[in-house]
Amino acid sequence: MIDTHVHLLEPDRFTYEWTRDLPALSGRFDLSDYQNASRHSGIQAGVFMEVDCDEFDDEARYFCSLAEQPGAFIQAVVAAARPESPDFGRSLESIPHSRLKGIRRVLHTQPDELSQSSLFRENVNRLGGLGLTFDLCVFQRQLPIGLELVRACPQTTFILDHCGVPEIAENEAPAGVGFLAWQKAIRALAAEPNVIGKISGITAYAPAALRNAQGLRPYTDTMLEAFGSARLVWGGDWPVVNLGDGLKVWLDTTREILEELTDSERNQILTTNAKRIYRIP
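Heads up, the sequence shown is in our numbering, so the first residue is 241 and it goes up one at a time.
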């Protein structure tokens, strides 16, 4: 398995303003902590996912340098950047590129207008020519805005994080109005050939009663139907997954959800697609 969504928090090096009101995410969560949490899971490599820290350029350089070490568990880095900035190009040039495989700008914490500017879209569209992907992180209500960005940037491959962050507590799946709206938006995004789906992060947004295979299947089944096994990857979202029931429970739930697939389909979602999309050796 390859975990395409590993957050590592090192508060002695970087500042994470967004974790201050989340006791479960206070303190240090380094690679050894992750490997302890994922022991005996079958996860063999990971993609470091930026953690929206204040010093994002330094974060990218630091984790790229770790990923370049022989035998490193982290094989690829998705760095934070600011496509809305005129200095976007200069920022990219300051990051080592051998392990930099993608960029993410968390959009659900920003005004909706941010990704609608011409400068933002021009810079995101440039990523494809540089061999870099863009992880798309938006709330359910922002999925139509995400679709606009995807269509404006046909040269870039997008990875839709966390199943599009569905409002699981309110959606009343599988027939509620909220669920059907999310499902329609997912199908529209999947119709764009430059979008990949990521099954990750949903337990953090689900109430306890739905943090299981039965409660999450309406969402994962929709992702499977919309993207197919050839356009899906899996992510643990550690340590944010601790806002749910933790990584081990999410791994067990994932295996239950995917048990009806063929071995080949499961392998695509859990390993081979990640190697291709994030260009992991």
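All residues carry an ideal CB built from backbone N, CA and C; glycine is no exception.
Given the structure is predicted, the values throughout are model-derived calculations rather than measurements.
Would you please state the rounded distance, in angstroms, between the beta carbons of residue i and residue j? I believe it to be under 8 Å.
i	j	result
L383	I399	L383 to I399, Cβ: 14 Å. No contact.
W478	V246	6 Å
V390	V435	6 Å
S355	D401	14 Å between Cβ atoms; not a contact.
G368	T349	Their Cβ separation, rounded to whole angstroms, is 25 Å, which puts G368 and T349 out of contact at 8 Å.
Short check: CB of residue i to CB of residue j, under 7 Å?
i	j	result
A548	E412	Any question about residue 548 goes unanswered here, given that the chain covers just 241 to 521.
I408	A466	no
A307	R339	yes
V480	L487	no
A319	E295	no
V378	P323	no
I335	A300	yes
C228	M463	Residue 228 lies beyond the stretch modelled for the chain, which goes from 241 to 521, so this question has no answer here.
E505	S469	yes
L387	A444	no
G484	R451	yes
For residue i, which three-state DSSP category applies?
i	result
L456	helix
D243	strand
F222	Residue numbering for the chain in the displayed model covers 241 to 521; residue 222 lies beyond these limits and cannot be assessed.
L248	coil
I520	coil
V435	strand
T373	strand
L271	helix
I335	coil
R260	coil
L254	Looking at the sequence provided, one finds Phe at residue 254 rather than Leu. F254 falls in the coil class under three-state DSSP.
R344	strand
Alpha carbon to alpha carbon, how far is residue i from residue j?
i	j	result
V317	C304	6 Å
W422	N513	24 Å
L271	L248	7 Å
D225	L510	The requested residue 225 does not occur in the structure, where the chain is confined to residues 241 to 521.
G371	Q395	10 Å
P433	P310	35 Å
D298	G416	44 Å
A431	A285	30 Å
T373	A449	35 Å
V489	F313	22 Å
P458	P414	6 Å
R366	L332	11 Å
F328	W258	23 Å
F419	I442	14 Å
> In chain order, which continuous runs of the beta strand (DSSP E) of length 3 or greater are located wholly inside the segment 273-328?
Replying inline: Taken in chain order, the complete beta strand (DSSP E) segments of 3 or more residues contained in the segment 273-328 are 285-289, 314-320.
> What are the start and end residues of each continuous alpha helix (DSSP H) run of 4 or more residues lying completely inside the segment 459-500, in chain order?
Replying inline: If we require 4 residues or more, the alpha helix (DSSP H) runs fully inside the segment 459-500 come out as 487-498.
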